[in-house]
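Residue numbers (our numbering), protein chains in the order written: chain S, 106 to 404; chain A, 283 to 651. Note that the Cβ used here is the ideal one computed from N, Cα and C, for glycine as well. This structure is a prediction, so every number in the text was calculated from the model and none was measured. Below is one structure, written out as structure tokens, with a few remarks after it.
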């Protein structure tokens, strides 16, 4: 009733005043409203389906912990979990070793930086399936590498490269490299260049500067890259199936088989476990000194 | 409205009507070396209708064949629109029926999958056999699924690998001395391990395979393990490996070999001791266009559509009447053709459904050991 007696401009002013009071009293209101569309989207299309799927590990066919109780005695699961974790670990280390120098070059380069960035990102934009096929062409018994080595007389019989664990690791490293290079390069670029100058001014060799200044300061990027690569590597499915050897069976492949055979409760249990491993790693990374900052907001 | 009048027709007589309704096949020469395709020019009124039917297929070359053999003529003759949706999958049927969101009226699945799902709940509608053509063999009819194509899991090898010698049995496949080179066999995935082949390699006669002796099969696998370069997962892998000379011999799904041979890759199938498998149509429980679905199932298993399908892709028809439309050179590629059928072993879906958990678990464990 009183509203109708207000002029439009009075109403807007009143609304504005109210809004600033809300914002003052509830500081998280603005960020929440800004994030609301995404939160809603994630809740409806991600959280609810994932939770209901994970619940199957507890209530399919009836409420019980039977599926989890079966895990420690399931030889196939234990072996596949071990293969998945160790492959992911090896791939993460190999990726780190290849990525760090590139990241360093990327962070130091001026005119060539865009070129390096394109070279890094180009494979990133190609489908995983296409890249996996490309590795089959390269590594095959009569593939390009074997044919070249034989033509040069280095080997007489083709080497067995394809359908081995090595092939899986090579292909996975190739796919995951950008996920390691970009966070590290980003961390390196944020290091104040005057620190390196100060270090050499105080008599440190270039290697000493790298070891004692640059490398420790790049650790947040290294940790972020390793975490990203490891978690992504845990979920690989197509690549090991296409180029891997007989023992390259990953947890994702096992989950797919359980789904196909309609053991959804057990498949959900395996998925929950995979998710728990990934979340556990993120939690551990948070606790590492200097690393946690990567995931916290800077103030 | 049209659908209601159908129910008043005596369903038994409908079978007769279907056969009578077949016009003489209109034979036309296709350009090039294409074999003559029979055309159906009319269907019995009982199969006509309106609206649409949504069919989940496996996509790819198979769906293209179904398009030409079934979908296009069915739309023209019955007035029912077909919407083909690739991605047929038993797990999706389970999810759709459980959530009450049934997006398919028909789904292509193996009868094993249909039986497997029916074991744990009520996921499919009963097939309306009053509409089905008499020519469809008894062995292809089951309560909740009608099988509509026969495929085979067989041995394939590179013809240039053994100086003209040709492997003819699983014992030969296992004989690395006589037929040297790497092999590929099926590994871990949605299908079952090929225990039948391992047992035949170990000397178990084809008629005494079932019930499968899993431990004996694994012992037989152990003998060839070192020569197996790849335990494959998807149907595209074996032809790929034969083309790339990654292996000299592999197990393969017969339909996948046609494209390879057309490309001129020197590779061929050994039908002897292969396993004949079947795919069928199932109608998910609660399908919106159930009546149209039953009409489509009936139409697609009639003699001429079945023959057209077999001319398009080398899978065998389930209708006895189809063979008279198929030239002899094509018959040599079809797993249900009499000459080939007698070389194959019939896959025992009942045994597999009852024992798959045990067999797959043992095989997985063995493969990882």
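*For residue 279 of chain S, count neighbouring Cβ atoms within 10 angstroms of its own Cβ and tell me buried if that reaches 16, exposed if not.*
buried
*Buried or exposed for residue 146 of chain S, please, with buried defined as at least 16 other CB atoms from any protein chain shown within 10 angstroms of its CB.*
exposed
*asked:* Measuring only the C-alpha atoms, how far is residue 340 of chain S from residue 277 of chain S?
replied: 11 Å
*Check the Cβ of residue 164 of chain S against every Cβ in chain A and list those closer than 8 Å, keeping chain order.*
Neighbours of residue 164 of chain S on chain A: none; closest Cβ ~13 Å, over 8 Å.
*Could you please give the first and the last residue of the uninterrupted beta strand (DSSP E) stretch that includes residue 466 of chain A?*
465 to 468
*Can you name the residues of chain A whose CB is closer than 7 Å to the CB of residue 354 of chain S?*
470 and 650
_Quick check: what's the CA-CA separation for residue 303 of chain A versus residue 599 of chain A?_
Residue confidence is low: residue 303 of chain A scores 39 on pLDDT, short of 50, so the model does not pin down where it sits. Its coordinate-derived value is still stated next. Using only the alpha carbons, I get a separation of about 20 Å.
*Taking the alpha-carbon positions, what's the residue 353 of chain A to residue 585 of chain A distance?*
15 Å
*asked:* Residues of the stretch 165 to 185 of chain S in Cβ contact with chain A at a cutoff of 9 Å, in chain order, please.
replied: 166, 179, 180, 181, 184 and 185
*Can you pull the chain B residues whose beta carbon is under 9 Å from the beta carbon of residue 346 of chain S, in chain order?*
Of the protein chains in this structure, namely S and A, none is chain B.
*residue 170 of chain S to residue 421 of chain A, Cα distance in whole Å?*
42 Å
_With a threshold of 6 Å on Cβ separation, who are the neighbours of residue 637 of chain A within its own chain once the five nearest residues in sequence on each side are excluded?_
none
*asked:* Quick check: the stretch 351 to 359 of chain S against the stretch 287 to 295 of chain S, are at least 3 beta-carbon pairs closer than 8 Å?
replied: no
_To the nearest angstrom, how far is the alpha carbon of residue 255 of chain S from that of residue 561 of chain A?_
46 Å
*Just to confirm, are residue 568 of chain A and residue 426 of chain A a CB contact at a threshold of 8 Å?*
no
*So the alpha helix (DSSP H) residue 584 of chain A belongs to, where does it begin and stop?*
From DSSP, residue 584 of chain A is part of no alpha helix (DSSP H); its letter is neither H nor E.
*What's the call for residue 611 of chain A, buried or exposed, on a 16-neighbour Cβ count within 10 Å?*
exposed
*For residue 370 of chain S, decide whether its Cβ has a neighbour in chain A, counting only Cβ atoms nearer than 8 Å.*
no
*Say whether chain A places a C-beta atom closer than 8 Å to the C-beta of residue 156 of chain S.*
no
*Would residue 559 of chain A count as contacting chain S if we go by Cβ distances under 8 Å?*
no
*Please report the residue range of the alpha helix (DSSP H) in which residue 157 of chain S lies.*
153 to 164
*So, is the C-beta of residue 251 of chain S closer than 8 Å to a C-beta in chain A?*
no
*In three-state DSSP terms, what is residue 630 of chain A?*
coil
_Between residue 233 of chain S and chain A, is any beta-carbon pair separated by less than 8 Å?_
no
_DSSP state of residue 223 of chain S mapped onto helix, strand, coil_ = helix
_Can you give me the C-alpha to C-alpha distance between residue 417 of chain A and residue 555 of chain A, rounded to a whole angstrom?_
27 Å
*So, using beta-carbon positions, are residue 387 of chain A and residue 540 of chain A closer together than 8 Å?*
no
_Tell me which residues of the stretch 378 to 411 of chain A have at least one Cβ-Cβ distance to chain S shorter than 8 Å, keeping chain order._
398, 399 and 402
*Residues that residue 647 of chain A contacts on chain S, provided the C-beta gap is smaller than 7 Å*: 180 and 181
*asked:* For a test of the three-state rule: what should DSSP assign to residue 560 of chain A, helix, strand or coil?
replied: strand
*asked:* One question on the structure: do residue 415 of chain A and residue 646 of chain A come within less than 8 Å of each other, judged by their Cβ atoms?
replied: no
_Residues in the same chain with beta-carbon distance under 8 Å from residue 286 of chain S, minus the five sequence neighbours each way, listed in chain order, please._
204, 207, 208, 211, 225 and 330
_Contact criterion: CB-CB distance below 8 Å. Does residue 636 of chain A meet it with respect to chain S?_
no
*Does the Cβ-Cβ distance between residue 577 of chain A and residue 413 of chain A come in under 8 Å?*
yes
*asked:* Between the stretch 215 to 229 of chain S and the stretch 505 to 523 of chain A, can you find at least three pairs of beta-carbon atoms closer than 8 Å?
replied: no
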